[in-house]
Amino acid sequence: MTLGLIVDALGGELLGDRETEIRHIGPLDTERPAAISFLANPKYRQQLTVSRAVCVIVSPAIKDEAVACGAVIVSDDPYLYFARLTQWWAARVRPRPAAGIHPTAVVDPAAVIGQGVSIGPLAVIEAGAVIGDNAIIGSHCAVGARARIGADSKLAPRVTLGFDCVVGARCILHSGVVIGADGFGFAPNKGRWEKIEQLGAVRIGDDVELGANT
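Spelled out as structure tokens, the structure:
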């Protein structure tokens, strides 16, 4: 990566050499070579003089101070710029899985699979499930009957989505997430317990991210 590639992709004003190589992203106190960092809170500006980062993303208010210490990218919102930099970087170093259904996946003929969907090894998609365009279903995922997954959502390996549950568009469910499992409800009956069936379903909106083993 170079600073030139970064600003061409993400914008911002570069004060420095476009050909400067960037190999890492890190905090201001990073010890890694060829790293880019950011300064969003002015109270940490004193770290600029000791930072080993070869480039720092800063606001216009401190660009003159920062450029005296090395290359800078000027952005109105350095923290947002940093977030988008990590997204851009991840897309380059972690290629998207190829579209298609792995030979070991089990997809019911009554499931609806959108365009550009990737379904990984040993995943199971049950009857009536709907998978939106460009969604990614990781290995060992289970998508229950009538469940729906919105476009551009990603299920990491070993996610379970229960019967009739809904995940919106552009969601990320990390490994081990279980959506739509039964709660525990029982009615007493002469020393025994009668199960109360869980008849509801979970609805998750757009742009939601759920952590591992949630």
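Going by the numbering used here, the sequence shown opens with residue 1, and the numbers climb by one from there. Just so it is clear, CB atoms sit at the ideal spot from N, CA and C, and this is done for glycine as well. Remember, predicted model here, so these are calculated numbers, not experimental data.
On the three-state DSSP scale, how would you describe residue i?
{"i": "residue 21", "result": "strand"}
{"i": "residue 196", "result": "coil"}
{"i": "residue 28", "result": "coil"}
{"i": "residue 82", "result": "helix"}
{"i": "residue 2", "result": "strand"}
{"i": "residue 156", "result": "coil"}
{"i": "residue 53", "result": "coil"}
Short of 6 Å in beta carbon distance, which residues of its chain neighbour residue i, apart from the five on each side in sequence? Order them along the chain.
{"i": "residue 141", "result": "123, 155, 159"}
{"i": "residue 48", "result": "66, 69"}
{"i": "residue 210", "result": "173, 177"}
{"i": "residue 116", "result": "99, 133, 134"}
{"i": "residue 126", "result": "108, 144, 145"}
{"i": "residue 128", "result": "110, 145, 146"}
Just to confirm my understanding: we take residue i, look at its own chain, exclude 5 residues before and 5 after, and list those with CB closer than 7 Å. What are they?
{"i": "residue 78", "result": "38, 39, 40, 57, 58, 59"}
{"i": "residue 34", "result": "21, 22, 23, 24, 54"}
Quick check on the burial criterion: 16 or more other C-beta atoms within 10 angstroms. Buried or exposed for residue i?
{"i": "residue 182", "result": "exposed"}
{"i": "residue 81", "result": "buried"}
{"i": "residue 108", "result": "exposed"}
{"i": "residue 199", "result": "exposed"}
{"i": "residue 167", "result": "buried"}
{"i": "residue 204", "result": "buried"}
{"i": "residue 189", "result": "exposed"}
{"i": "residue 191", "result": "exposed"}
{"i": "residue 71", "result": "buried"}
{"i": "residue 147", "result": "buried"}
Confirm, please, whether the CB-CB distance from residue j to residue i is below 8 Å.
{"i": "residue 138", "j": "residue 157", "result": "yes"}
{"i": "residue 73", "j": "residue 12", "result": "yes"}
{"i": "residue 186", "j": "residue 194", "result": "yes"}
Could you give the distance in angstroms between the alpha-carbon of residue i and the alpha-carbon of residue j?
{"i": "residue 55", "j": "residue 214", "result": "37 Å"}
{"i": "residue 7", "j": "residue 180", "result": "43 Å"}
{"i": "residue 216", "j": "residue 174", "result": "With the chain represented from 1 up to 214, any question about residue 216 goes unanswered, as that position is not in the structure."}
{"i": "residue 202", "j": "residue 165", "result": "5 Å"}
{"i": "residue 99", "j": "residue 93", "result": "18 Å"}
{"i": "residue 110", "j": "residue 130", "result": "9 Å"}
{"i": "residue 3", "j": "residue 9", "result": "10 Å"}
{"i": "residue 102", "j": "residue 19", "result": "41 Å"}
{"i": "residue 171", "j": "residue 114", "result": "16 Å"}
{"i": "residue 29", "j": "residue 86", "result": "18 Å"}
{"i": "residue 31", "j": "residue 52", "result": "7 Å"}
{"i": "residue 17", "j": "residue 153", "result": "37 Å"}
{"i": "residue 112", "j": "residue 95", "result": "25 Å"}
{"i": "residue 149", "j": "residue 212", "result": "18 Å"}
Within its chain, find whatever has a CB closer than 8 Å to the CB of residue i; leave out the 5 residues flanking it on each side and keep chain order.
{"i": "residue 1", "result": "21, 22, 23, 89, 92"}
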